[in-house]
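Everything on this sheet refers to the single structure shown next.
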Amino acid sequence: MSDDTIRLVTIGRILRRRWRLLAILTVVGALVGYGTSMLFPPRYTASASVLLPGQWEERSLLTQAEIATSSAVVDRAAAALGWKDVSAGELQDRVSASTSDGNIIKISGTADTPERAQRLCDQLAQQFVTFAARIAGDSTDPGTTTGPDALRQQVADTNRRITDLANAANPGQTVESVQARTELEKLRTTLQEAMKKLDQTDSAANKAGMVVMGPAARPAGQAPPTRVQLIVAGALLFFLLAVVGHLTAARMNRRLRTEPEIAAALGSVLLGTVDVPGERPAHRPKGVRPQAGLRRLTGIDTRWDIPAPWMSGDEVGRRIRYQRVCARLRDRLPAPRRLLVVVLDGDDIARRAAGQLAAEAKSGPLLRVVGVSASLPMVPDRDAESGAVVVLSPGSWTAEQLAAVAEACADAGHEVVGVVAAVAVRARPTRPADQPPDNTTSALAVRGHEKGGSV
Numbered sequence: 026m027s028d029d030t031i032r033l034v035t036i037g038r039i040l041r042r043r044w045r046l047l048a049i050l051t052v053v054g055a056l057v058g059y060g061t062s063m064l065f066p067p068r069y070t071a072s073a074s075v076l077l078p079g080q081w082e083e084r085s086l087l088t089q090a091e092i093a094t095s096s097a098v099v100d101r102a103a104a105a106l107g108w109k110d111v112s113a114g115e116l117q118d119r120v121s122a123s124t125s126d127g128n129i130i131k132i133s134g135t136a137d138t139p140e141r142a143q144r145l146c147d148q149l150a151q152q153f154v155t156f157a158a159r160i161a162g163d164s165t166d167p168g169t170t171t172g173p174d175a176l177r178q179q180v181a182d183t184n185r186r187i188t189d190l191a192n193a194a195n196p197g198q199t200v201e202s203v204q205a206r207t208e209l210e211k212l213r214t215t216l217q218e219a220m221k222k223l224d225q226t227d228s229a230a231n232k233a234g235m236v237v238m239g240p241a242a243r244p245a246g247q248a249p250p251t252r253v254q255l256i257v258a259g260a261l262l263f264f265l266l267a268v269v270g271h272l273t274a275a276r277m278n279r280r281l282r283t284e285p286e287i288a289a290a291l292g293s294v295l296l297g298t299v300d301v302p303g304e305r306p307a308h309r310p311k312g313v314r315p316q317a318g319l320r321r322l323t324g325i326d327t328r329w330d331i332p333a334p335w336m337s338g339d340e341v342g343r344r345i346r347y348q349r350v351c352a353r354l355r356d357r358l359p360a361p362r363r364l365l366v367v368v369l370d371g372d373d374i375a376r377r378a379a380g381q382l383a384a385e386a387k388s389g390p391l392l393r394v395v396g397v398s399a400s401l402p403m404v405p406d407r408d409a410e411s412g413a414v415v416v417l418s419p420g421s422w423t424a425e426q427l428a429a430v431a432e433a434c435a436d437a438g439h440e441v442v443g444v445v446a447a448v449a450v451r452a453r454p455t456r457p458a459d460q461p462p463d464n465t466t467s468a469l470a471v472r473g474h475e476k477g478g479s480v
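Residue numbering for the sequence shown follows the working numbering, beginning at 26 and increasing consecutively.
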């Protein structure tokens, strides 16, 4: 199986077994997104297009877009709008310009209301066109002497003077005629330079003849991120964080899941694997904290990082597995003896399996079940027992915890003669009321063994 398939199976397992927790976290994320949207006021964005006639290079268009959002243009727009609650610096953060095909510059402005956004965009486009025309020399100031009209007037005056000189010049070879022709050539040179400047100015004026392609449309909706987008983003973010958190926890999990690893951590051999039908208590036992009910509600009281339990066989098949474990114990012991069955606190599956194992040990050895703490294991001192059997469920304990249990058994004088793995399975439907259960004798055996030890 490829790594991608394993990841998909793992994610599917998270969705199936943690759907309650994921749903709760998704709702919490949506509420966080809604609260975030309340902190940010709504924004509206309007846009206006400015057409630049003539041939423009891409670099020149980018330059014009930078000019449209420059402080010179924005300051003029801010002065024309006269908004006292918004400074020119704040307006510059709310405007943008971009180029598109067809020599069009799109100018956008953002404000807290649709009306303000429309006014800001229109004013910005108008100020940009005016500023660009002023840069190109297209000014209507009467004192300007370098504009296109002044140059054309200079050309006309020069042509008139050349004509007058040409008519007055003496066609002879006198000194006066030579001076007249020299003056005429100087004027022609001046005329050519003036015509050259006029052509350059006309080209710049054509480029500066920008046109605002209509007023900006009033925005009908909010600018992103909207409230709906923030809610969806919050829900999706919390959902993804929950999934990633599960995957990270599974990767960092150090609990042993396979029977050979468990047996190696305890320094013993595996005697077998037994089945325990999974069941939930009908009522919450006394002394259980309210957190347990919350864990049960969210579904985090069950493991998700282990395969789903398979369907349990019949009662006869389960008892055969327990009897085989007891037979292996008898084979490892020279004579019927008493053994200590060690179960870690909190491992309910192992405790039920230990009780069933003690009930099935009819022909010996005699078993006494004791529970020890995983954090600080303490095993009863050796009395009549000649060894210990550790019963636990895979995927619940780390190697360090199991090594501490083995050390506690050795400190109490018990040799760990074997390990039994208890696996939860899905129970089949209950038998009819008129059919007696198969484990009637097992219950009697358990009560019989309770006389020799605590179960």
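For every residue, glycine included, the Cβ atom is placed at its ideal position computed from N, Cα and C.
THR124 is bridged by DSSP to ILE130. Membership of SER74 in the beta strand (DSSP E) is indicated by the continuous run 69-76.
It is roughly 42 Å from the alpha-carbon of GLU208 to the alpha-carbon of MET235. Between ALA437 and PRO405, the C-beta gap is smaller than 9 Å, which places the two residues in contact. Using a 10 angstroms sphere on the CB of GLU432, the tally of other CB atoms stays under 16, which defines it as exposed. By a beta-carbon distance limit of 8 Å, THR70 does not contact PRO240. Their separation comes to about 15 Å. Separation of PHE156 and ALA103 (C-alpha to C-alpha, rounded to the nearest whole angstrom) is 14 Å.
Take LEU50, set aside five residues on each side of it, and the residues of its chain with a beta-carbon closer than 8 Å to its own are PHE263, PHE264, LEU266 and ALA267, in chain order. Straight across, the Cα-Cα distance linking MET220 with THR214 is about 10 Å. Among the bridge pairs identified by DSSP, ALA136 is matched with TYR69. Separation of LEU272 and TRP108 (C-alpha to C-alpha, rounded to the nearest whole angstrom) is 53 Å.
The secondary-structure analysis by DSSP pairs THR298 across a beta bridge with ALA446. With respect to the C-alpha of ALA73, the residue from ARG206, VAL120, GLY292 and ARG42 having the closest C-alpha is VAL120. Here the C-alpha atom of LEU295 lies approximately 28 Å from the C-alpha atom of ALA274. Of SER400, VAL444, THR124 and ALA447, the smallest CA-CA separation from GLU425 is found for SER400. When DSSP states are grouped into helix, strand and coil, ALA413 belongs to the strand group. Take VAL430, set aside five residues on each side of it, and the residues of its chain with a beta-carbon closer than 6 Å to its own are PRO402, in chain order. Note that the C-beta distance between LEU369 and SER398 is below 9 Å.
Residue state for THR183 is assigned as helix, using DSSP reduced to three classes.
In the three-state DSSP reduction, ARG451 falls in the strand class (E or B). Setting aside the 5 residues that flank it on each side, PHE153 is surrounded in the same chain by ALA93 and VAL98, each with a C-beta closer than 6 Å to its C-beta; the list follows chain order. Of the other Cβ atoms in all chains shown, fewer than 16 fall within 10 Å of the Cβ of LEU322; this residue is therefore exposed. Taking all protein chains in view, the Cβ of TRP422 is crowded by 16 or more other Cβ atoms within 10 Å, so the residue is classified as buried. For the set LEU87, LEU145 and VAL52, the Cα lying nearest the Cα of ARG101 is the one of LEU145. The three-state reading of DSSP puts THR423 in strand, counting E and B together. Partner residues in the beta bridge of VAL397, as assigned by DSSP, are LEU369. When Cβ pairs closer than 8 Å are counted between the two stretches, the stretch 249-258 is seen not to touch the stretch 32-43, the count staying below three.
If you check the CB distance, LEU365 and CYS434 come in under 9 Å. GLN178 sits exposed, since fewer than 16 C-beta atoms from the chains shown fall within 10 Å of its C-beta. The DSSP-derived three-state label of ARG407 is coil.
In the structure shown, ARG363 falls within a strand segment according to DSSP collapsed to helix, strand and coil.
Listed in chain order, the non-local C-beta contacts of ALA409 below 7 Å within the same chain comprise ARG363, local neighbours out to five positions each way being set aside.
Excluding residues up to 5 positions away in sequence, VAL368, VAL416, LEU417, SER418 and ALA447 lie with their Cβ nearer than 6 Å to the Cβ of ALA375 in the same chain. Rounded to the nearest whole angstrom, the CA to CA distance from GLN204 to THR188 is 15 Å. Taking one beta carbon from each stretch, the stretch 51-64 and the stretch 122-137 have fewer than 3 pairs nearer than 8 Å; the two do not touch.
Taking a contact as a CB-CB distance under 8 Å, the pair GLN217 and ARG68 does not count as one, their CB atoms being some 57 Å apart.
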